Structures are given as C-alpha cells and as structure tokens.
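Read the structure below first, then the notes.
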Amino acid sequence: FLLSPFKDLILLDIGGEDDGGSLHRGLRGKTVFFLGGPGRDEIANMLNRRRLLSEGGLPHLFTNVAWDHIVLRLWQGSTVEGGRELSLISDYLGAPELDSIIERMDTVKAIDRLNAMEGIDNIRKQFASYREALAEHLAGRGSGRFRPHMALMGSPGTGKSTVARLFGDILREDGLLPKGHFIKVSTDELVGEYVGETRPKTRAVCERARGGVLFIDEAYGLMSGSGRHGNVDYGKEAIEVLIQFMEDSSDSLVILAGYTDEIMTLINEGNKGFRRRFNDLGLFEFMDYSPEVLYNISSRMIREPATDAFRKALRGIIRYKCAYKNRKFGNVGDMENLVSLIVSRYHAIGTDAPLDVEHLPDDLRRLVDDSVLDAGVLLSDLDDVIGQDRVKDLVRKIFNKVVADRKKLMVLDDFRPKMPKLNFLFTGNPGTGKTTIARIVGGILLKLGIFPSSQGNILTEVSGSELLQYTPDDIRKLFEDNIGKVLFIDEAYQLRDSPRVIADIVGNLELEEYKNKLSVIMAGYTDDIHRLYNINPGLKRRFAEIPFADYSDEELYEILQRMAASADHTV
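Position 55, counted from 1, in the sequence shown is what the working numbering calls 1047; the numbers after and before it change by one each time, with no gaps.
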C-alpha cells in the first residue's frame, strides 16, 4: 500500500510526507481505495483457460463475436441476471451465465445506434465536432488545450443517460477512451454523511470510472445547501475532488446531467475552477422531443393490434399533452407511463378486439373523443353554485376556448394553443364563494388535461400573513410544488407589508416553467386588493380581477334551504 498509486492517495488524505513513523501515526483508518477489476490480459487468459478446459470449447470466441470485442466488453464490466456484478476473475470463472453474456453482446457499432435515435439531430452534429476536436487534441495537433468533459442538459426523458452511454462506447471504439465503461451515480453517492467522509468517497467513485465515463445525474445537488445535508457544505468537497480528477485524468470523461439552468449555475458558480474544466463543445443541450417523435416512440412500445382510429387518437393525445406540458414533463418517461396506462386498461377489459378509442381510460378519451366531452357533466359543479353569474360566465369562456383549441390540435399540424389567463384577483366580501369557485376552476382544468395529474388536493390555501415570512427561494418552491394546481392566497392584502414578496410572486408568473402551468388566485376585500396596485403595478397586468357580488336575499334563502336539506337531523 506504500507503492503508487496508494501512497499518493494516503499522503493526499493526511496532507503529510513519508517520514517514517509519522506516516503511520497520521493514518485515521478512513481512507478508501478502489483496487479495480481484472485487467484485459487477465480476462483474455481466463477466456483461453475456459476454452481449453471446456469440452465443446467456446464457439462464440471464433464465430459470432470478435475475440477482442469480447475481452474489451468483459473488461468494461458485466452484470449477470439477478444484478450481480462480475468484478473478480473468480466471478467470471464460476459464472454459468458467461456464455449467454457473450452471446448477447451487441456487435453493432455504437455510432450506428446513436445515428438511429430520433429527435437528437443537434446532439449528433455537435458530437461529431467534439469527436474531431478531441482526436486532434489527443494526437497533439490541436491548438490550445481542449477540455473533454461534458454537461448534458435538458428536461427528463430526453435520452441523456442513453446518449452518455453511447458516447462512452463511441469514444472507446475510436480509441479516445481506453475503457469506455459507464459509471452512473447520484450526488448522494459522492457526498458523505459526516465530516471527512466525502473526499475518500468521491475519490473511490472517480477511481471506479477511470478510463471510462463518470455520469453524475442531477449534479446540481452538489451545490451548497441543495441536498439532504441542508447548508452543510459537503458538496463543495466533492466538487474539489472532481475538479482534481478532471484535471489529472485525460483518459477519463466526467459528465454532469440535469436541467439546463441548474447545471449551468453549478458550472459557473459551484467552484471558481469548475468552468475552466469544460469546453463549449462539451455543453450539450437536449431539446424536448417533438409530438411526432414521441408518437413514433410510443407506437413502438405498443405490441397489441390497434385500429387506425386508435392510432389517430394516440397521436392527438400526445399532441395535446405536448401543447400543455410543464417543467415536469418527462418526454419518453411520460410516454412509457401513458402506454402502460392504456395497455393495462385494455388487458383489464379482457377483450379480443383490437385496441380502439373506446378502450382508452376516460380522462384520455375525453381529450380526443367528442362523444364523451359532455359540458354538462364537466361544468356540473359550477352550475350548482348559487349566484355569481359573472364569475361562472368567465369560467365557461375558459372552458369553451380550451375545447375549441383541442379540436384545432387534432387537425392543424402547426397549431400552438395560447392559454387564457389563469391568474385572478378574487375581490369581494367574505362568504361569497371565492374558495369554492377556485377549487371548481382547478377541477375543470384538471379534467380538461390542462393541469397534469397531481397528488392530493387540487387547491393549496395559504394566507398573505404566512407569505410575509417567505424568502425568494420559498416563493419559487411554492410555485414548483403547485404546478398543476390552484395556489389560493387568501387575505392577500396583508402582503402590503412586503413589496418584495409581491414582486417575487409577479416575477415567477413570468417564468416559462410556471407561466400558465398553475393558477394563482389572490383573494381579499376589494379596496384592500386595489391598494396593492400602487405597490406593484405589474399585479394588475398579470391578474384578471373578478369581483364577487354579495348574495341577494333570495340567493341566501336558497343557500339556507340547501343547508337544511343536507343537514344531519338525527338525534
């Protein structure tokens, strides 16, 4: 352990030099070493031994799969059925599944698999330039220093993990990465639980990835205070180790992955030296898939026979969901969930007929089938409300516009629906039904598919006095947590004591990830709400004011009759 590279790692951990006894006195017993799996020569010798000792030999070694390819792929690391990793020569020798592992090896070039993927034309074009620049750099012909590390940025389900694996395989096939194996980790696998654990833990992960690809998913979790450790800055230590690994390991590739804004914040602000470890060619932005690409992907997932009407309906459902998608839209992941929901219901029905529109779950069928789009049913809760005719007329207008846009989406390829304004100022006296109407609005938007399915109550209530204590980050999290819901701020006039909170609310309404992705309703007395206009003029432009009238005597009498009829008269 006092030979390289272990000696260097020990000295790094204790910050001292080898001066005899002091080295041993400094060791604390928490240093982590990654010894690695067998080398390529060891695997080749093992395969030869197995071939010579087996009665029939291993015909795969001389027919279907090239010898060098088998050795290389096993050296990259293999997993047998059941999830057990082959990490020691004894594992390979004793694994009865080894023959089937070799038989399943894909002999198609990784670049061909990358070229076959849909919806990533910009990624392919940029990667071609990246490969050329990296090859020039490693051959010593490039000008300046090329930083080979990458950031794959974009929404969930856009293929970042799949593409990263292919990048590693392609660069290995090009001879630009010696091993090209793929190590995927979360930030929790880098950050320790206590002081002194993070550095050796991160080093061990880096050593596992040496010669290949270290893929850190949702890497922005390394930012201070963003993870499960609160404000404890363990992530900073992990970043420092990563930077050193990136600087010293020209044979390895580090890939950060996650949402674009958060990853760029990590690169630019996570550490002063982080940005210098990335070349612009290594910053890949993954676009959301188009509705047509998502339709093609979904169609391939469905193995059951289906009618043309179903295929048309599926295309319409996907176009609808893409038109009203929000920041949490999962692209391929959402398509997998969609197909699973459709196919599960189809099998539950137990029919032998081909998959058709009538087999769709009701909430999906409503998006494409006029025969089940019953306004009387969808607006029944609204019609049951006594009085407030002006408010009900506005809700009906929103409903009618969404229904009209839904029909246009089915027939016009380039149609992009523009959502009606969903943020309101409910003004009026207490007891005029403001909370009830807010909940009904949310339910209608959910049934129409404008709001994505969400867990729990469709309406989140919070008072203006509660928001006075909120920081800008708290306000943003409140918006994030209520995507697909109604955020109802009662007694909003209390915000007059904090112009900053009002500015945060108005500012978040303009962010693309929240615009028309939730409904924000501020409620209170008319005069008090109007006074907020003087504090923030943007409030009036971004909210539609809906005055709630006091009930007439006749309406109050009808409300009283309903209460009496529904009351429990048992003694």
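Even glycine gets a Cβ: it sits at the ideal position worked out from N, Cα and C. In this text, all values refer to a predicted model and were calculated from it rather than measured experimentally.
| task | Quick one: which unbroken alpha helix (DSSP H) runs of 4-plus residues sit fully inside the region 1479–1513? Chain order, please. | result | The region 1479–1513 contains these whole alpha helix (DSSP H) runs: 1491–1501.
| task | State the Cα-Cα distance for the pair K1152 and R1200, rounded to the nearest angstrom. | result | So the alpha carbons of these two residues sit roughly 21 Å apart.
| DSSP beta-bridge partners of G1184 | Looking at the DSSP assignment, G1184 forms no beta bridge with any residue, so it has no partner.
| Straight-line gap, V1377 to D1280 (C-alpha atoms, nearest Å) | Going by C-alpha positions, V1377 is about 41 Å away from D1280.
| query | H1522 bridges to which residues according to DSSP? | reply | Note: H1522 sits in no beta bridge, so no partner.
| query | Going straight from the alpha carbon of M1495 to that of L1487, what length do you get? | reply | Note that residue 1495 corresponds to Ala in the displayed sequence, not to Met. Going by C-alpha positions, A1495 is about 10 Å away from L1487.
| said: Tell me the rounded alpha-carbon separation between I1231 and A1211. | reply: About 10 Å.
| query | If you draw a straight line from the C-alpha of F1278 to the C-alpha of V1183, how long is it? | reply | Roughly 27 Å separates the two Cα atoms.
| message | Am I right that V1205 and I1247 are in contact with their C-beta atoms under 8 Å? What's the rounded C-beta distance? | response | Between V1205 and I1247, the beta carbon gap of about 6 Å places them in contact (Cβ cut-off 8 Å).
| field | 7 Å Cβ shell around F1302 - same chain, five flanking residues per side excluded | value | Hits under 7 Å: L1347, D1348, V1349.
| query | Would a check of beta-carbon distances place K1532 closer than 8 Å to chain C? | reply | Absent here is chain C; the protein component of the structure consists of one chain.
| task | Taking all protein chains shown into account, decide if P1422 is buried (16 or more other Cβ within 10 angstroms of its Cβ) or exposed. | result | P1422 comes out exposed.
| request: Taking all protein chains shown into account, decide if D1397 is buried (16 or more other Cβ within 10 angstroms of its Cβ) or exposed. | output: Label assigned to D1397: buried.
| DSSP state of K1313 mapped onto helix, strand, coil | In the displayed model, K1313 falls within a helix according to three-state DSSP.
| query | Can you name the start and end residues of the beta strand (DSSP E) that K1176 belongs to? | reply | Its beta strand (DSSP E) spans residues 1174–1178.
| message | Is it buried or exposed, G1149, if we count other Cβ atoms within 10 angstroms and call 16 or more buried? | response | G1149 comes out buried.
| request: Leaving out five residues on either side along the sequence, give the residues of the same chain with a beta carbon under 7 Å from the beta carbon of V1433. | output: So the list reads V1387, V1478, S1511, once near-sequence residues are dropped.
| Counting along the chain, where does the beta strand (DSSP E) carrying G1250 start and finish? | 1245–1250 is the extent of the beta strand (DSSP E) around G1250.
| CA-CA distance, R1139 and I1035? | Using only the alpha carbons, I get a separation of about 32 Å.
| said: For F1266 and I1112, what's the separation of their Cα atoms in angstroms? | reply: Whole-angstrom Cα-Cα distance: 27 Å.
| Among R1065, R1195, P1030, nearest to G1160 - alpha-carbon criterion | Closest in alpha carbon position to G1160, among R1065, R1195, P1030, is R1065.
| By how many angstroms is the C-alpha of A1143 removed from the C-alpha of L1234? | Answer to the nearest angstrom: the Cα atoms are 14 Å apart.
| message | Excluding the 5 residues flanking I1103 on each side, which residues of the same chain have their C-beta closer than 6 Å to its C-beta? | response | The residues I1162, in chain order, have a CB closer than 6 Å to that of I1103 in the same chain once the five nearest residues on each side in sequence are set aside.
| request: Leaving out five residues on either side along the sequence, give the residues of the same chain with a beta carbon under 6 Å from the beta carbon of M1514. | output: Cβ neighbours of M1514 beyond the five flanking positions: L1417, I1481, A1484.
| query | Where do the ends of the beta strand (DSSP E) carrying I1538 lie? | reply | Start and end: 1536–1539.
| For the region 1086–1124, which segments carrying the alpha helix (DSSP H) assignment without a break, of at least 4 residues, lie completely within its bounds, in sequence order? | Annotation note: the region 1086–1124 contains the following uninterrupted alpha helix (DSSP H) runs of length 4 or greater, listed N- to C-terminal: 1090–1096, 1102–1108.
| request: Run through the region 1358–1402 for me and flag every whole alpha helix (DSSP H) of 4 or more residues, listed as ranges in chain order. | output: Assignment of alpha helix (DSSP H) within the region 1358–1402, counting only whole runs of 4 or more residues, yields 1367–1370, 1372–1375 in chain order.
| What residue from R1382, K1439, T1428, G1325 has the CA that sits closest to L1365's CA? | For L1365, the nearest C-alpha among the options comes from K1439.
| request: Can you tell me which of the three DSSP states M1145 falls into? | output: In the three-state reduction of the DSSP assignment, M1145 falls in the strand class, which pools E and B.
| If we count Cβ pairs, one from each stretch, closer than 8 Å, do we get three or more for the region 1400–1418 versus the region 1533–1544? | By the C-beta criterion, the region 1400–1418 is judged to be in contact with the region 1533–1544, since at least 3 inter-stretch pairs fall below 8 Å.
| Can you tell me the Cα-Cα spacing of V1394 and M1411, whole angstroms? | Computed Cα separation, rounded: 8 Å.
| Under the rule that 16 or more other beta-carbon atoms within 10 Å means buried, what is A1556, buried or exposed? | Counting the other CB atoms within 10 Å of its CB gives A1556 a total below 16, which places it among the exposed residues.
| query | Beta carbon of G1456, beta carbon of F1540: below 8 Å? | reply | No, Cβ-Cβ distance for G1456 and F1540 is not below 8 Å.
| query | What first and last residue would you give for the alpha helix (DSSP H) that runs through N1271? | reply | Careful: N1271 lies outside any alpha helix (DSSP H), inside the beta strand (DSSP E) at 1270–1278.
| query | For W1067, is the classification buried or exposed, using 16 other Cβ atoms within 10 angstroms of its Cβ as the cut-off for buried? | reply | So W1067 ends up on the buried side.
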